[in-house]
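Novice: Same order as they appear, the protein sequences are chains X and H. Per our numbering, residue 1 is the first one in the first sequence, and the count goes up by one each step. Per our numbering, residue 116 is the first one in the second sequence, and the count goes up by one each step. Glycine included, each C-beta is placed from N, C-alpha and C at the ideal position. Just dropping this structure here.
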Amino acid sequence: NAGVTQTPKFRILKIGQSMTLQCTQDMNHNYMYWYRQDPGMGLKLIYYSVGAGITDKGEVPNGYNVSRSTTEDFPLRLELAAPSQTSVYFCASSYQSPGENTEAFFGQGTRLTVV
Amino acid sequence: GEDVEQSLFLSVREGDSSVINCTYTDSSSTYLYWYKQEPGAGLQLLTYIFSNMDMKQDQRLTVLLNKKDKHLSLRIADTQTGDSAIYFCAEEGYNKLIFGAGTRLAVHP
Numbered sequence: 001n002a003g004v005t006q007t008p009k010f011r012i013l014k015i016g017q018s019m020t021l022q023c024t025q026d027m028n029h030n031y032m033y034w035y036r037q038d039p040g041m042g043l044k045l046i047y048y049s050v051g052a053g054i055t056d057k058g059e060v061p062n063g064y065n066v067s068r069s070t071t072e073d074f075p076l077r078l079e080l081a082a083p084s085q086t087s088v089y090f091c092a093s094s095y096q097s098p099g100e101n102t103e104a105f106f107g108q109g110t111r112l113t114v115v
Numbered sequence: 116g117e118d119v120e121q122s123l124f125l126s127v128r129e130g131d132s133s134v135i136n137c138t139y140t141d142s143s144s145t146y147l148y149w150y151k152q153e154p155g156a157g158l159q160l161l162t163y164i165f166s167n168m169d170m171k172q173d174q175r176l177t178v179l180l181n182k183k184d185k186h187l188s189l190r191i192a193d194t195q196t197g198d199s200a201i202y203f204c205a206e207e208g209y210n211k212l213i214f215g216a217g218t219r220l221a222v223h224p
């Protein structure tokens, strides 16, 4: 199993550009998450999904969109990039809800810089 | 609201014990977790503790839980340079994990 795969690893965007961060998992996990990591701020949840066709907002969803058309894929879309979106983005997945003692598996991260 | 707090930095000498502390707010969490992030990588589950337990030991790792004070700690015995990483405490939220800011552990000779 490859686990959770994110692409790209690095990206520089200009203000106002758009892009999609790709995330795919091959573990047949129901739950998928997008977090952003800012220095000294920990991980903030952007969006999550409990299964194909179901998505919900996390703590910091503004400026982002997601879709979950398949179990495997959970892309994150930035429509109008802003400098405040400069961050490291992590996709994660888990078989069950964290409340059921399930391990979350993380991708390697995407380092995004908006200039 | 849900919140997890940790100190940001810890420096220890190789061979000493490291203790990383965390406070959380959601007393209904069934499990509490410690994740480790090595440079340039994603987070990996290190260990967890069931909320009905006070202590869990796993080789060099000891997790202590004080439910009354909502305090969680991770002790690493005989700390090695390979333990240098960021350690995240996490509690359960609704359908998600809530992470602290992470404690950067630096191990020096």
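Buried or exposed: X/P8, going by 16 or more other Cβ atoms within 10 Å of its Cβ?
Specialist: Flag for X/P8 reads exposed.
Novice: Is there a Cβ of chain H sitting closer than 8 Å to that of X/N101, yes or no?
Specialist: Yes, X/N101 lies at the interface with chain H (some Cβ there is under 8 Å from its Cβ).
Novice: Which chain X residues sit within Cβ distance under 9 Å of H/E153?
Specialist: What H/E153 touches in chain X: nothing, since even the nearest Cβ is about 11 Å away.
Novice: Across which residues does DSSP place H/S133 in a beta bridge pair?
Specialist: According to DSSP, which records beta bridges pairwise, H/S133 is partnered with H/I191.
Novice: Can you give me the C-alpha to C-alpha distance between X/K14 and X/V60, rounded to a whole angstrom?
Specialist: About 21 Å.
Novice: Three or more C-beta pairs closer than 8 Å, one from the stretch 190-208 of chain H and one from the stretch 172-181 of chain H: is that the case here?
Specialist: Because the criterion of three Cβ pairs below 8 Å is met, the stretch 190-208 of chain H and the stretch 172-181 of chain H touch.
Novice: Could you tell me how far apart the beta carbons of H/C137 and H/G215 are, in whole angstroms, since I believe they sit closer than 8 Å?
Specialist: Between H/G215 and H/C137 the Cβ distance is about 6 Å, and since that is below 8 Å, they are a contact.
Novice: Taking a cut of 8 Å between CB atoms, which residues from the stretch 61-92 of chain X lie near chain H?
Specialist: Answer in chain order: F90 and A92.
Novice: Could you please give the first and the last residue of the uninterrupted beta strand (DSSP E) stretch that includes H/G208?
Specialist: First-last of the beta strand (DSSP E) with H/G208: A200 to G208.
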